[in-house]
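Heads up, the thing below is written out as structure tokens.
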Amino acid sequence: MNGWDKDPVTINDGTLDPFDLTQQTKEILATVGLPMNAEEMKEDPFYIHFYNEPRLAQGGDYIILGDNEGSEIGIYVETGELYFLSADPVSVQRRFINSDIGKFLMFLKIYLRYRPQLVNAMECEDDEEKRSVIVNEIKRQFNQADSKALSDEESYWSVILEQVEEGLSC
Numbered sequence: 001m002n003g004w005d006k007d008p009v010t011i012n013d014g015t016l017d018p019f020d021l022t023q024q025t026k027e028i029l030a031t032v033g034l035p036m037n038a039e040e041m042k043e044d045p046f047y048i049h050f051y052n053e054p055r056l057a058q059g060g061d062y063i064i065l066g067d068n069e070g071s072e073i074g075i076y077v078e079t080g081e082l083y084f085l086s087a088d089p090v091s092v093q094r095r096f097i098n099s100d101i102g103k104f105l106m107f108l109k110i111y112l113r114y115r116p117q118l119v120n121a122m123e124c125e126d127d128e129e130k131r132s133v134i135v136n137e138i139k140r141q142f143n144q145a146d147s148k149a150l151s152d153e154e155s156y157w158s159v160i161l162e163q164v165e166e167g168l169s170c
């Protein structure tokens, strides 16, 4: 069991050859893959669509793996870090996601493991306290795995968890 409702799709080694990625990133994409067909990725709070073939963007600084309603998700070539890039054509805003693609996939699985409890908490009258307890546990696990992901209140995961805790998303 891989944790997704549908098997992840791997990206062919040959497709990754032209990109200046770390060996670890290439191995994860080629062997673990991305949850391209997973319904969980297409729902609140993610709305992520992964691409079958990555592409370069921002003058070759980013390798784009997918999008979220017009904004893009890409690996910053220089560091291997994953960023959420805004759709604003005038000035690209970037929001840190994770230190690498492997940690991103781990975070998705951690979050999705708690999602049923979050949905249940949203439906109960005392949902605010329950949501807070669940979100704090998710944060604890996130900090253990990749503390940089929550170090900025404007990072991707900080924003997602804030929206969840406030009951705006699940």
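Mapped onto the UniProt record's numbering, the consecutive letters of the sequence shown carry residue numbers 1 to 170. Ideal Cβ placement from N, Cα and C applies to all residues, glycine included. It should be emphasised that the depicted structure is a prediction, and the values quoted were computed from it without experimental measurement.
Whole-angstrom distance between residue j and residue i, CA atom to CA atom
i, j, result
"Ala57", "Arg95", "16 Å"
"Pro45", "Cys170", "6 Å"
"Val119", "Pro54", "33 Å"
"Gln141", "Glu39", "23 Å"
"residue 177", "Asp13", "Coverage of the chain is limited to positions 1 through 170, which leaves residue 177 absent and any answer about it impossible."
"Asn143", "Phe19", "30 Å"
"Lys103", "Cys124", "32 Å"
"Phe84", "Ala121", "28 Å"
"Asp152", "Lys139", "13 Å"
"Glu43", "Gly59", "31 Å"
"Asp17", "Asp61", "16 Å"
"Leu112", "Asp7", "15 Å"
Short Cβ contact (8 Å threshold) for residue i with residue j
i, j, result
"Val159", "Arg131", "no"
"Ser99", "Lys148", "yes"
"Ile11", "Gly33", "yes"
"Glu137", "Gly167", "no"
"Ile97", "Tyr156", "yes"
Opening and closing residue of the alpha helix (DSSP H) in which residue i lies
i, result
"Tyr111", "101-123"
"Phe142", "127-146"
"Glu53", "Per DSSP, Glu53 belongs to no alpha helix (DSSP H); it is in the beta strand (DSSP E), 48-57."
"Thr15", "13-16"
Where the beta strand (DSSP E) through residue i begins and ends
i, result
"Ile75", "71-76"
"Glu162", "Element bounds for Glu162: not the beta strand (DSSP E) but the alpha helix (DSSP H), 156-165."
"Asp67", "62-68"
"Leu168", "Per DSSP, Leu168 belongs to no beta strand (DSSP E) and is neither H nor E."
"Leu29", "Leu29 -> no beta strand (DSSP E), and no H or E assigned at all."
"Leu21", "Counting along the chain, Leu21 falls outside any beta strand (DSSP E), and DSSP gives it neither H nor E."
"Gly85", "A small fix is needed here, since residue 85 is Leu in this sequence, not Gly. 82-85 is the span of the beta strand (DSSP E), which, as asked, contains Leu85."
"Ile97", "94-98"
Same chain, Cβ closer than 7 Å to residue i, five either side skipped, listed in chain order
i, result
"Met106", "Ala145"
"Asp67", "His49, Ile73"
"Ile28", "Ile101, Gly102"
"Ile134", "Tyr114, Gln117, Leu118, Ala121"
"Ile63", "Phe19, Leu21, Pro54, Leu56, Gly74, Ile75, Val77"
"Glu69", "Tyr47"
"Leu150", "Lys139, Phe142, Asn143, Trp157, Ser158"
"Gln93", "Ser86"
Chain-order list of residues whose beta-carbon lies under 8 Å from that of residue i (same chain, five-residue window excluded)
i, result
"Asn52", "Val9, Ile11, Met36"
Cβ neighbours of residue i in the same chain (closer than 6 Å, five flanking residues each side left out)
i, result
"Leu161", "Val135"
"Leu108", "none"
"residue 189", "Given a span of 1 to 170 for the chain in the structure shown, any question on residue 189 remains unanswerable."
Three or more C-beta pairs under 8 Å: does that hold for the segment 73-84 against the segment 16-33? yes
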